[in-house]
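S.K.: Take a look at this one; I'll ask things after.
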Amino acid sequence: MKRALVWIRRDLRLHDHAALSAATHEADEVAVVFVFDCVILDALADKDDRRLTYICRSLEEVDAKLRGHGSRLLVMHGDPVSLIPSLAREWNADAVFANRDYEPYARERDAKVAAQVELRTFKDIVVLEPHEVATKEGSPFKVFTPFHRCWKETLNPEQDLAEHVPNLSRLAALSTLKAAGFLEQYPQEKIGFVPNALWLEPGEKAARTQLKRFVEKRLDGYAEARNLPADDGTSALSVHLRFGTVSIREGFRLARQSIVPNAPKTNREAKSNHFNPATGPEKWMAELVWREFYQHILWHFPRVVEEPFQEQYRGLRWQGTDEHFARWCEGQTGYPLVDAAMRCLNQTGYMHNRLRMVVASFLTKDLLVDYRKGEAYFARKLLDFDLASNNGGWQWAASTGVDPQPYFRIFNPVTQGEKFDPEGRFIRRWIPELRELSASAIHAPWEAVEMELLAAGVELGRTYPRPIVDHAVQRNLAIELLSKK
DNA sequence: TTTTGAGTTGTTCGA
DNA sequence: GTCGAACAACTCAAA
Numbered sequence: 000m001k002r003a004l005v006w007i008r009r010d011l012r013l014h015d016h017a018a019l020s021a022a023t024h025e026a027d028e029v030a031v032v033f034v035f036d037c038v039i040l041d042a043l044a045d046k047d048d049r050r051l052t053y054i055c056r057s058l059e060e061v062d063a064k065l066r067g068h069g070s071r072l073l074v075m076h077g078d079p080v081s082l083i084p085s086l087a088r089e090w091n092a093d094a095v096f097a098n099r100d101y102e103p104y105a106r107e108r109d110a111k112v113a114a115q116v117e118l119r120t121f122k123d124i125v126v127l128e129p130h131e132v133a134t135k136e137g138s139p140f141k142v143f144t145p146f147h148r149c150w151k152e153t154l155n156p157e158q159d160l161a162e163h164v165p166n167l168s169r170l171a172a173l174s175t176l177k178a179a180g181f182l183e184q185y186p187q188e189k190i191g192f193v194p195n196a197l198w199l200e201p202g203e204k205a206a207r208t209q210l211k212r213f214v215e216k217r218l219d220g221y222a223e224a225r226n227l228p229a230d231d232g233t234s235a236l237s238v239h240l241r242f243g244t245v246s247i248r249e250g251f252r253l254a255r256q257s258i259v260p261n262a263p264k265t266n267r268e269a270k271s272n273h274f275n276p277a278t279g280p281e282k283w284m285a286e287l288v289w290r291e292f293y294q295h296i297l298w299h300f301p302r303v304v305e306e307p308f309q310e311q312y313r314g315l316r317w318q319g320t321d322e323h324f325a326r327w328c329e330g331q332t333g334y335p336l337v338d339a340a341m342r343c344l345n346q347t348g349y350m351h352n353r354l355r356m357v358v359a360s361f362l363t364k365d366l367l368v369d370y371r372k373g374e375a376y377f378a379r380k381l382l383d384f385d386l387a388s389n390n391g392g393w394q395w396a397a398s399t400g401v402d403p404q405p406y407f408r409i410f411n412p413v414t415q416g417e418k419f420d421p422e423g424r425f426i427r428r429w430i431p432e433l434r435e436l437s438a439s440a441i442h443a444p445w446e447a448v449e450m451e452l453l454a455a456g457v458e459l460g461r462t463y464p465r466p467i468v469d470h471a472v473q474r475n476l477a478i479e480l481l482s483k484k
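Residues 0 to 484, numbered by numbering that gives the first Met the number 0, are exactly what the first sequence covers, in order.
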């Protein structure tokens, strides 16, 4: 093959990249292109969307790397369905290479492109694809645990986790790249956005550094630390995994390495201390398998984007009010952990996983608001927003998804705070008006004695809201609503 | 076909 | 404060 075009989408990196690796081994000349997809961008509500900043800055790094090899990143703005085939024709590419994307919109888009030009797609954003993990009957799994078991049995590490190393000497010389624009021609303003602050460093270099540091420093303690929102116990890789600035295979490779230490002495030592080093890595890898599980669910059942997975809940009438939904969005529900989490989301575009479950449970089970409203709000706000994981998470919390268990899916927002933010550090960080309350009062200020509220400068209903609903009452309403057939 | 065991992340109640 | 059982009953996946 003479010329190949590599179209990057949610894989904004050059290392361990399936499509780029394949293209640079098959073709003599390879150009890399990114399209600011107007179909996606036009649907974004906020002009200062952080995701655009993250993408632009990650692309700058890709471009700089390509420059180092005498090439450039090609950039376009518009509908890829027409832009990619026309670029391929203009540049005389024999084929377009891309990594497979399992979302309904992406599938439709790629099918339209494939109808016009040879499009070769690759497994890259997951370790195992939907057709690779199936029940004995050949049907998709609908419960995580058997899926997980099968996933682990199916995994062939040498093959599925192999590094895809691109041959960067095959990158097209700058002089041949006249068919499209370059990144500097598309500042965020030009595509309708303004730069915004990020709480993390974008790009593949930062992503890999983050991954390595996480595996070295925090993976062993991950099982426990991951649940405490006041600390840095999570991998904080969600954004990088969403945009593909880090390779999912590299994540698994490093985690697996840390399970089987080279030095047997360390292992013995660890055992004698009753310390199980496998717990953390295994727990984290299970989280990554959850990510694949929801990718597969979305692939097999794309209708989950529109409606509950569970048939019996499709006609459910959620009775929550717009007023309550607005209070949830603003972080003004009167439940400190919920409000702290929502304010953190609003200000940073990030929310800790534990808190996503807490606020999702609160919106659906305490406020009885349709989970799709919360899902859409997360989709708008989260820097790491991923359709499959977000939908899966919300449907799980709402008990409408795969593996629904209404009676086990109602979180008590006070208990969750006492358990996972025992000192109230996270709450104080995001709700300054409660900062002076003691750890024992901060999770349920309405139960505190008047003296303490006074001393802390808290006046319920004025400086901080009273609870907008009674959890004990709403819990029963939710159970009643969901047990109706 | 029938049966069996199990289901991410919880909560509440009563001893 | 701690602990185990109950929660309500359905669906999935495998034997």
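For glycine and all other residues, C-beta sits at the position ideal for the given N, C-alpha and C.
Per DSSP, Y463 forms a beta bridge with which residues?
M.R.: DSSP, once it has assigned bridges, lists L459 as partnering Y463.
S.K.: Using CA coordinates, which residue listed in Q415, E417, V368 and F425 is at the minimum distance from A397?
M.R.: V368
S.K.: What does the alpha-carbon distance come out to for the pair L4 and G348?
M.R.: 33 Å
S.K.: For the pair the region 344-364 and the region 405-415, tell me if three or more CB-CB distances fall below 8 Å.
M.R.: These segments touch.
S.K.: With DSSP as the reference, please indicate the residues paired to V5 in a beta bridge.
M.R.: V31 and F96
S.K.: For a test of the three-state rule: what should DSSP assign to N261, helix, strand or coil?
M.R.: Legend: pLDDT at N261 = 48, less than 50; position of this residue unreliable, value from coordinates given subsequently. If DSSP states are grouped into helix, strand and coil, N261 belongs with coil.
S.K.: Within the same chain, show all residues whose beta-carbon is closer than 7 Å to that of A163, passing over the 5 residues directly before and after it, in chain order.
M.R.: For the record, residue 163 in the displayed sequence is His; it is not Ala. These residues qualify, in order along the chain: D15, H16, A17 and S20.
S.K.: Tell me, please, whether the region 207-214 touches the region 234-249 by the rule of three or more beta-carbon pairs shorter than 8 Å.
M.R.: yes
S.K.: Just tell me which of E203, F181 and T399 has its CA closest to the CA of K141.
M.R.: Of the listed residues, the one whose Cα sits closest to K141 is T399.
S.K.: F407: buried (16+ other C-beta within 10 angstroms of its C-beta) or exposed?
M.R.: exposed
S.K.: Of all the options V31, V304, R248 and E136, which has the alpha carbon lying nearest to the alpha carbon of L72?
M.R.: V31
S.K.: So P11 and L58 are supposed to be a Cβ contact under 8 Å. How far apart are they, rounded?
M.R.: Reading the sequence as shown, one finds Leu at residue 11 and not Pro. The Cβ separation is near 6 Å, so the contact holds.
S.K.: Buried or exposed for F181, please, with buried defined as at least 16 other CB atoms from any protein chain shown within 10 angstroms of its CB.
M.R.: exposed
S.K.: Ignore the nearest five residues each way along the sequence and tell me which others in N195's own chain have a CB closer than 6 Å to its CB.
M.R.: D47, R49 and T52
S.K.: Can you give me the Cβ contacts of F274 inside the same chain, cut-off strictly under 6 Å, excluding the 5 residues immediately before and after it?
M.R.: Unreliable placement is indicated for F274, whose pLDDT of 36 sits below 50; the coordinate value is still reported in the next sentence. Cβ neighbours of F274 beyond the five flanking positions: none.
S.K.: Under a three-way DSSP split, which group does F242 fall into?
M.R.: Residue state for F242 is assigned as helix, using DSSP reduced to three classes.
S.K.: Pick from G333, F292 and E223: whose alpha carbon is nearest that of L459?
M.R.: G333
S.K.: Tell me where the alpha helix (DSSP H) around T347 begins and ends.
M.R.: P335 to T347
S.K.: Tell me, to the nearest whole angstrom, how far the beta carbon of R169 is from that of A26; I am working on the premise that it is less than 8 Å.
M.R.: Taking 8 Å as the upper bound for CB-CB distance, R169 and A26 are in contact here, some 7 Å apart.
S.K.: Just how far apart, CA to CA, sit A114 and I296?
M.R.: 26 Å
S.K.: Need the endpoints of the beta strand (DSSP E) that T120 sits in, please.
M.R.: L118 to F121
S.K.: Are H68 and N166 touching if we call contact CB-CB under 8 Å?
M.R.: no
S.K.: Taking F84 as the reference, which of K111, R424, S174 and W298 has the closest Cα?
M.R.: Note that residue 84 is Pro in the sequence shown, not Phe. For the residues K111, R424, S174 and W298, the minimum Cα distance to P84 belongs to K111.
S.K.: Given this structure, state the Cα-to-Cα distance separating R2 from Y370, to the nearest angstrom.
M.R.: 47 Å
S.K.: Looking at the structure shown, is L218 part of a helix, part of a strand, or coil, going by DSSP?
M.R.: In the three-state scheme derived from DSSP, where H, G and I count as helix and E and B as strand, L218 is classed as coil.
S.K.: Which same chain residues, not among the five before or five after L481, have their C-beta less than 7 Å away from its C-beta?
M.R.: S398 and P405
S.K.: Quick one, which of Q294, Y293 and I258 has its alpha-carbon nearest G279's?
M.R.: I258
S.K.: Can you tell me which of the three DSSP states L73 falls into?
M.R.: strand
S.K.: What residues match up with G180 in a beta bridge as DSSP calls it?
M.R.: V74
S.K.: Does the distance from the CB of F121 to the CB of R148 come in under 8 Å?
M.R.: No. Outside cutoff.
S.K.: DSSP has D36 in a bridge; who is on the other side?
M.R.: G77
S.K.: Run through DSSP, which three-state label would L86 get?
M.R.: If DSSP states are grouped into helix, strand and coil, L86 belongs with the helices.
S.K.: Less than 6 Å between C-beta atoms, sequence neighbours within five positions excluded: which residues of the same chain meet that for E28?
M.R.: Taking C-beta separations shorter than 6 Å and ignoring five residues to either side along the sequence, the partners of E28 in its chain run R2 and A171, following chain order.
S.K.: Which same chain residues, not among the five before or five after T265, have their C-beta less than 8 Å away from its C-beta?
M.R.: Caution is warranted here: a pLDDT of 41 is assigned to T265, below 50, making its placement in the model unreliable, and no coordinate value can be reported.
S.K.: Excluding the five sequence neighbours on either side, which residues of its own chain have a C-beta within less than 6 Å of the C-beta of Q473, listed in chain order?
M.R.: D365
S.K.: What runs of the beta strand (DSSP E), each 3 residues or longer, lie entirely inside the region 102-160?
M.R.: If we require 3 residues or more, the beta strand (DSSP E) runs fully inside the region 102-160 come out as 118-121.
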